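Heads up, the sequence shown is in the working numbering, so the first residue is 23 and it goes up one at a time.
Before any comments, here is the structure.
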Amino acid sequence: MKVVIGLHDVSSTSRLTDFLRTLFAFDIRVDLVVLSRVTGAAAQYGLPEASKLLFKRGVSFLILQDIGDYREIFSNYKIIQYSASKGRPISKMREIGMEPERENVLLLFSGSDAGFTSGEIIEGAVAIRLPEAPRELPPESALSLVLHMLSEKGE
């Protein structure tokens, strides 16, 4: 299984670096981190810091222009988007037919306080949320919850 983590629409340096630090707190092998629509201070100061953090841990990263690029590049991956407003409530990955040990997966999070817009939900992706969290979470919080579910291997 290959695990790709994506963060879309981030403008804050601290949000970007906190997201990556949260990712590295887990003992899950991540093959690639993808960042898209990085703007403002995150583009100017956050990307160099992110690059340094990822390089130190031997994780490759890719920068994309916008959300549509994910579908094109990761067409053979199960794409899971965390969205409190548009996601299906799940407690275990098996509820969406996910077999973590067998499938390549792209876990995609929004760096925006408002979450993904309707137009940003990728065709064919599975939008999820946790039943206990009906409102949008900061991406680092959503990431930690989803990585915990992934580490449970759907049990």
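Virtual Cβ for every residue (Gly too), placed ideally from N, Cα, C.
Since the structure is predicted, the reported quantities are computational estimates derived from the model, not experimental observations.
Let me confirm a value: residue i is counted as buried when at least 16 other C-beta atoms fall within 10 Å, else exposed. Which label applies?
{"i": "L84", "result": "exposed"}
{"i": "A149", "result": "buried"}
{"i": "E174", "result": "exposed"}
{"i": "E142", "result": "buried"}
{"i": "E177", "result": "Reliability of the predicted coordinates at E177 is poor, the pLDDT of 48 falling under 50, and no value is obtained from them."}
{"i": "S132", "result": "buried"}
{"i": "F77", "result": "exposed"}
{"i": "Q66", "result": "exposed"}
{"i": "E121", "result": "exposed"}
{"i": "K74", "result": "exposed"}
{"i": "S97", "result": "exposed"}
Which stretch, first to last residue, makes up the alpha helix (DSSP H) that contains residue i?
{"i": "I95", "result": "90–95"}
{"i": "S36", "result": "35–46"}
{"i": "E71", "result": "69–78"}
What separation, rounded to the nearest whole angstrom, lies between the Cα atoms of residue i and residue j?
{"i": "D31", "j": "L152", "result": "21 Å"}
{"i": "V25", "j": "P111", "result": "21 Å"}
{"i": "L169", "j": "Q87", "result": "25 Å"}
{"i": "T35", "j": "R93", "result": "26 Å"}
{"i": "V52", "j": "G28", "result": "11 Å"}
{"i": "L54", "j": "R124", "result": "17 Å"}
{"i": "R116", "j": "D40", "result": "28 Å"}
{"i": "E162", "j": "I95", "result": "24 Å"}
{"i": "G109", "j": "F46", "result": "25 Å"}
{"i": "S107", "j": "E145", "result": "16 Å"}
{"i": "A164", "j": "K114", "result": "14 Å"}
{"i": "M23", "j": "G62", "result": "34 Å"}
{"i": "A136", "j": "M171", "result": "23 Å"}
{"i": "R43", "j": "R79", "result": "11 Å"}
{"i": "P160", "j": "S82", "result": "23 Å"}
{"i": "E158", "j": "F138", "result": "9 Å"}
By the DSSP assignment, the beta strand (DSSP E) with residue i in it spans what residues?
{"i": "K243", "result": "Absent from the model: residue 243. The displayed extent of the chain is 23 to 177, so no value can be given."}
{"i": "R59", "result": "54–60"}
{"i": "V32", "result": "25–32"}
May I ask you to list the residues that DSSP assigns as paired with residue i?
{"i": "L22", "result": "Outside the displayed range of the chain (23 to 177) lies residue 22, so it cannot be described from this structure."}
Where are the beta strand (DSSP E) runs, 3 residues long or more, that stay fully inside the stretch 108–168, in chain order? 127–132, 148–151
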